[in-house]
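Engineer: Protein chains in written order, with this note's numbering: chain V, 2 to 111; chain G, -10 to 103.
Glycine residues also receive a C-beta, built at the ideal position from the N, C-alpha and C atoms.
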């Protein structure tokens, strides 16, 4: 059974602070690692799809890194804003399907 | 960008009844995926729906409980049959255009079984 784990499960951060959280995944049969942001009452929205070991991607204040050899990815948010409050999901892609972690629920305190 | 319209967005159902969830995509897609997120759990794949063939179910999910239809390349339904309170979850439909590409999701159906 594929195991994708995210930590922490929840996080409260002061507005303006930076934060990061982790996704760990199997290092074998790797195809891609996905990050999604899921706001309440909305669809999950793709942030990044990463495939190469050492890959770093950035979208505004959010960035992610990937280590496929040791099986982890970090998501960073710089200068958190209230609109960053959401659940952040990572997903391991293999065999044409996604296996999701439990998510990190991020709350930004104004 | 692609759009998936999913409905209903929420429902409260009596145990023993069935609910059918619909997803309409604004373009043709080969595979559609149905997920469930039980409270406090991961988003879990129920089945993959291909047009013109039977859906492929993941371990722990069976066709009698979660029948799926895929009549064409833009539409799919998932039925949650003979519901019990344990079926209370968020159900999501999704598709990907190919490997290494992002997934698109419907807005979700929040189901409560009483």
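Compare the Cα-Cα distances from residue 11 of chain G to each of G:28, G:48, G:74, G:23 and report the closest residue.
Structural biologist: The shortest Cα separation from residue 11 of chain G among G:28, G:48, G:74, G:23 belongs to G:23.
Engineer: Shorter than 8 Å from the beta carbon of residue 101 of chain V to some beta carbon of chain G?
Structural biologist: yes
Engineer: Of all the beta strand (DSSP E) runs that stay within the bounds of the stretch 34 to 91 of chain V, which reach a length of 3 or more residues?
Structural biologist: Qualifying beta strand (DSSP E) stretches, in chain order: 46 to 51, 57 to 60, 63 to 68, 73 to 78.
Engineer: So, using beta-carbon positions, are residue 73 of chain V and residue 8 of chain V closer together than 8 Å?
Structural biologist: no
Engineer: Just how far apart, CA to CA, sit residue 99 of chain G and residue 79 of chain V?
Structural biologist: Roughly 32 Å between the two C-alpha positions.
Engineer: Quick one: what does DSSP say residue 75 of chain G is sitting in, helix, strand or coil?
Structural biologist: helix
Engineer: DSSP three-state label for residue 110 of chain V, please.
Structural biologist: Here residue 110 of chain V sits in strand by DSSP.
Engineer: According to DSSP, simplified to helix, strand and coil, what is residue 24 of chain G?
Structural biologist: strand
Engineer: Using a C-beta to C-beta distance shorter than 7 Å, which residues of chain G count as neighbours of residue 90 of chain V?
Structural biologist: Result: 32.
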